[in-house]
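In my numbering, the protein residues as written are 5 to 676.
For every residue, glycine included, the Cβ atom is placed at its ideal position computed from N, Cα and C.
Below you'll find the structure, written out as structure tokens, and then a few comments.
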């Protein structure tokens, strides 16, 4: 049994159109920018799955009713949760949520209505119905739903402290199920109580208190107290359970203490000298003992046991840990509680907001692997909200859901429901790294071929007064020309889900590269010393754009803007006369001889061409510059971007630079 679908309407940022999340049986990762509705979806699940329970951690307030862009507040919130794949036992437990016929499906429908009481105070009315017949739902049904919620701002230290209703106590309740198991624990504590109460120091404490009581009460009451360790009941014992961090692999110990331990177990320094289980510390008085290494040798079991006791005495309490590690402890403990509870008629769901809090990327990777195992081994359905590209990059592409918010409407896109074929999803997963995953959190996306384009387009946008960060544009460098899987995520489709935000693809048309093109430019022709400028110009005039570019143009519709450079970006830059001075200046730092050769062929501005002069057309100059930077595109782009930033800031006024028209159009289109 799992949550198959949830529909939410008029709840906080989610408006009257509502959103529907088609869930995975396993892991669901909900992404989106701040205030897009991620927490609203999680809280809707919390409300729907705990609506009938006596003890709730979330309630509907009057402020939770959606307010539209006109300032009008909705009068009703709707939350519909649909389940699938119920077992026979679950169908019996959740019968009132089924339609009585198809017992593999169940549904809960909750409405919260805003009304005014007799005093004119706004109040909220809750109505819970089950199944298609809208049956009344008994509270007992919710006893079969194991729901655990971990908030984004977790008080890990507070939640892990010993308490009667704490997570550690809950695990003990789940593990020690029978009366025999609990009696065994109680007897252990009773014995400890007897030992403590018989201690002379404790007896003295008891005597002092009773003496003072007698002096206060005199002969009137004659009451006495008895000092003990803990009330010998299972609940009291559970409330005392605590956890400490144990580093069982390493122990720091003084040489003096080490000799004492060796003597105690009947060993000498010579017995362990060549076994490399200890290293001296810089202060020369202490050692680092590697416990794992001791286990490799026979006859050292007693030594290991004694040293392990010392390790346990050096345990670190949770308030000494960092926030990140305590978060890990908190999640491990909480999941332990959830893992011990499920039985056949129950469904177990874990809701986690921003698990990446305080964790470095490698630890987050390990945590996510742990989540996947928890789902696989314990059949726990997970819903995770995140702002972490690191987490998304590690996830199964089908587990990702993207929330977008536009004015008074929200959309949620499940990648599993897009038009992407399975092979294209694999391609997309292969391309998605931490940097590219940032597109899921943007309001506009601009795709480029490589790092050169990514560096330059950012500076171009600044130069034309349209900085990309101002408009929440994320540049995504796909390191190649495989734009199609990315484009399909944004392509409008009446039957499939898609990301409905502006998207631009800036690429080269790669003219004269098709294998069957009579005017194909070969690799040897793209070497400056080998090139024939007339032949190259002729080929470029007559050749065809690449099949790859032709196919890319088919995506140029609706919210996708495709703009192609004539041949390449560098060629387009050099076609603009105002850019030549700066381009040759930058080129000269890498290829000074070639830069001078090209400069000699550029007609000076406002100079008439004389018959004996051999100035070339802008097309030829552009071809020369394109060929010249074939072996230094990356460094050329970096240096050019640096100089353009100086023009933007006003640091340089001696040169001008103009952004190519097709790039201007791409930036304008997604901003508009």
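Would you report the Cα separation of residue 532 and residue 631, rounded to the nearest angstrom? 6 Å
Three or more C-beta pairs closer than 8 Å, one from the stretch 410–424 and one from the stretch 62–69: is that the case here? no
Counted within 10 angstroms of its Cβ, other Cβ atoms place residue 96 as buried (16 or more) or exposed: exposed
Report back the beta-carbon spacing between residue 231 and residue 272 to the nearest angstrom; my notes put them in contact at under 8 Å. Their Cβ separation, rounded to whole angstroms, is 46 Å, which puts residue 231 and residue 272 out of contact at 8 Å.
Just to confirm my understanding: we take residue 289, look at its own chain, exclude 5 residues before and 5 after, and list those with CB closer than 7 Å. What are they? 258, 259
Quick check for students: name the residue ranges of the beta strand (DSSP E) that lie wholly in the stretch 351–436, counting only runs of 3 or more. 351–357, 385–390, 404–410, 413–418
Based on Cα-Cα distance, which residue from 661, 643, 577 lies nearest to residue 3? A query on residue 3 cannot be resolved here, the shown segment of the chain reaching from 5 to 676 and no further.
Quick one: residues in its chain with C-beta nearer than 6 Å to the C-beta of residue 575, no 5 flanking neighbours on either side, listed in chain order? 626, 630
Separation of residue 293 from residue 319, as counted between CA atoms: With a pLDDT of 49 at residue 319, under the threshold of 50, the modelled position of this residue cannot be trusted; read the value that follows with caution. One C-alpha to the other measures close to 16 Å.
With a cut-off of 8 Å on the beta carbons, I'd call residue 31 and residue 398 a contact; round off their distance for me. Residue 31 to residue 398, Cβ: 11 Å. No contact.
Touching or not, the stretch 463–472 and the stretch 580–597, by the rule of three or more beta carbon pairs under 8 Å? no
Under 8 Å between C-beta atoms of residue 425 and residue 402: no
Roughly how many angstroms lie between the CA atoms of residue 359 and residue 299, to the nearest whole one? 36 Å
Do residue 520 and residue 571 count as a contact pair if the criterion is CB distance below 8 Å? no
Straight-line gap, residue 121 to residue 131 (C-alpha atoms, nearest Å): 17 Å
So, are the CB atoms of residue 644 and residue 357 less than 8 Å apart? no
Please report the distance separating the alpha-carbon of residue 37 from that of residue 48. 18 Å
Residue span of the beta strand (DSSP E) that contains residue 543, given as start and end: No beta strand (DSSP E) holds residue 543; the alpha helix (DSSP H) holding it covers 537–546.
In whole angstroms, what is the alpha-carbon distance linking residue 518 and residue 545? 15 Å
Please check the pair residue 86 and residue 115, which I expect to be a contact at CB under 8 Å, by giving their CB distance rounded to whole angstroms. About 16 Å separates the two Cβ atoms, so there is no contact after all.
Given residue 5 as reference, the closest of 93, 35, 504 once Cα atoms are compared: 93
Report yes or no: do three or more beta-carbon pairs, one from the stretch 73–82 and one from the stretch 12–20, lie closer than 8 Å? yes
Taking just the CA atoms, how far does residue 44 sit from residue 328? Legend: pLDDT at residue 328 = 47, less than 50; position of this residue unreliable, no value from coordinates given.
Quick one: what's got a C-beta closer than 8 Å to residue 562's C-beta in the same chain, skipping five residues either side? 495, 496
Using a Cβ-Cβ cut-off of 8 Å (strictly less than) and excluding sequence neighbours within five positions of residue 285, which residues of its own chain qualify? 256, 291, 292
Flag this pair as yes or no: are the beta carbons of residue 46 and residue 355 separated by less than 8 Å? yes
With DSSP collapsed to three states, give me the class of residue 86. strand
Can the beta-carbon of residue 482 be found less than 8 Å from the beta-carbon of residue 445? no
If you count every other CB in all the chains shown that lies within 10 Å of the CB of residue 220, and 16 or more means buried, which is it? exposed
Counted within 10 angstroms of its Cβ, other Cβ atoms place residue 21 as buried (16 or more) or exposed: exposed
Pick helix, strand or coil for residue 660, following the three-state DSSP scheme. coil
Span separating the alpha-carbon of residue 350 from that of residue 149: 6 Å
Looking at the structure shown, is residue 550 part of a helix, part of a strand, or coil, going by DSSP? coil
Collapsed DSSP secondary structure at residue 674 in the structure displayed: helix
Cβ separation of residue 101 and residue 135, assumed to be a contact under 8 Å, to the nearest whole Å: 5 Å
Between residue 477 and the rest of its own chain, which residues show a CB-CB distance below 6 Å, the 5 nearest in sequence each way excluded? 448, 450
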